[in-house]
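Colleague: Residues in the sequence shown are numbered from 144 upward in steps of one, following our numbering.
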Amino acid sequence: MKQPLTASRERAALWLSSVVITVVVLLQDNGRIVPETKLDVVLDPWTMASRSLSAWDPSAGFGRVQNQAIGYLFPMGMWNMIGDAVSSPPWLTQRLWLAGIVVVSLWGAHRVAKAVGISTAGGRISSALVYALAPATISVTFFQSAGQLPYALIPHVLAELMAARQGDSPRRVAARSTLWLVAMGGVN
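And the structure:
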């Protein structure tokens with residue numbers, strides 16, 4: 144008879160899943176940048192950030208009105224600026240960002256599975272993997288990652304709100320869920 148997963152083994156399985164996801168993402172087209180919606184966020188995050196602080200962008204054609212540029216400042220722009228500051232190659236910074244989105248989604252879905260009462264560790268881990276690795280999600284994440292942040296982070300918002308049912312302070316629950324909402328950024 145199979146032994147059920149303990150809490151520590153369940154957490155280890157989540158960490159192992161996270162490492163496998165990260166390694167697989169890093170090995171895909173190793174050394175090459177994935178074409179993103181906002182490629183300048185990856186290639187030149189500091190210039191993108193400085194241009195996004197103005198409504199007018201003179202860098203293209205005869206100039207243009209910015210479209211969503213400020214929404215890329217946080218968290219995607221910040222992530223890439225940190226990567227640039229530590230001299231990480233743009234492809235590596237981008238791949239860690241993409242892996243991070245999938246991994247954060249995995250852990251959030253696991254939190255929701257636990258909160259709704261899925262009773263077995265295997266059931267919680269499987270449902271989290273299905274959510275995080277859904278084909279439609281993966282295909283969109285790898286060309287429009289900032290647009291996938293709400294999908295990846297909404298499980299954390301839900302898990303926080305479900306904590307209110309368990310007797311947690313409504314103010315603390317609201318504050319924590321607001322932090323997750325802010326992390327979604329301003330890209331539509």
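Idealized CB from N, CA, C, for every residue including glycine.
Predicted model only: the values in this text are computed from it and were never measured.
1. Tell me whether Asn-210 is buried or exposed, calling it buried when 16 or more other Cβ atoms sit within 10 Å of its Cβ.
2. By Cβ distance, which residues of its chain are closer than 6 Å to Leu-292, with the 5 residues on each side in sequence left out?
3. Residues bridged to Val-208 by DSSP?
4. Use the C-beta contact count for Phe-205: other C-beta atoms within 10 angstroms, 16 or more gives buried, fewer gives exposed.
5. For the alpha helix (DSSP H) holding Thr-165, just list the boundary residues, first then last.
6. Classify Gln-237: buried if its beta carbon has 16 or more other beta carbons within 10 angstroms, exposed otherwise.
7. What does a CB cutoff of less than 7 Å around Arg-207 pick up in its chain, not counting 5 residues either side in sequence?
8. Return helix, strand or coil for Glu-303, following the three-state DSSP convention.
9. Does the segment 218-235 come into contact with the segment 272-281, if we say contact requires no fewer than three beta-carbon pairs (one atom in each stretch) closer than 8 Å?
10. Can you confirm whether the segment 251-266 touches the segment 185-200 when touching is taken to mean that 3 or more C-beta pairs between the two stretches lie within less than 8 Å?
11. What would DSSP say about Gln-339, mapped onto helix, strand or coil?
12. Could you give the DSSP three-state label for Ser-312: helix, strand or coil?
13. Whole angstroms is fine: what's the gap from Ser-270's alpha carbon to Ala-203's?
14. Does DSSP classify Arg-254 as helix, strand or coil?
15. Just curious, the alpha helix (DSSP H) that Ser-270 is in, first and last residue?
Modeller: The relevant details are as follows:
1. Along the sequence shown, read from residue 1 onward, the residue named residue 210 stands at position 67. By the 10 Å Cβ count, Asn-210 comes out exposed.
2. On the sequence shown, residue 292 is found 149 positions in, with the first residue counted as 1. Hits under 6 Å: Met-327, Gly-328.
3. The sequence position of residue 208 within the sequence shown is 65, counting from 1. Partner(s): Trp-199.
4. Start at 1 with the first residue of the sequence shown, and residue 205 comes out as number 62. Exposed, by the Cβ-count rule.
5. In the sequence shown, residue 165 corresponds to position 22, counting from 1. Here the alpha helix (DSSP H) through Thr-165 covers 150-170.
6. As a first step, residue 237 is located in the sequence shown; it is residue number 94 there, counting from the start. The residue is buried, with at least 16 neighbouring Cβ atoms inside 10 Å.
7. By 1-based counting over the sequence shown, the position of residue 207 is 64. Same-chain partners within the cutoff: Asp-200.
8. The residue you call residue 303 lines up with position 160 of the sequence shown. Glu-303: helix per DSSP, three-state reduction.
9. no
10. no
11. No statement about residue 339 is possible, as the shown extent of the chain runs from 144 to 331 and does not include it.
12. Locating residue 312 in the sequence shown gives position 169, where the first residue counts as 1. In the structure shown, Ser-312 sits in coil (DSSP, three-state: anything other than H, G, I, E or B).
13. The residue given as residue 270 occupies position 127 in the sequence shown. The residue given as residue 203 occupies position 60 in the sequence shown. Cα to Cα, the separation comes out at about 45 Å.
14. Here residue 254 is taken as the residue at index 111 of the sequence shown, counted from 1. Reduced to three states, the DSSP call for Arg-254 is helix.
15. Position 127 of the sequence shown, counting from 1, holds the residue named residue 270. Counting along the chain, the alpha helix (DSSP H) containing Ser-270 begins and ends at 264-275.
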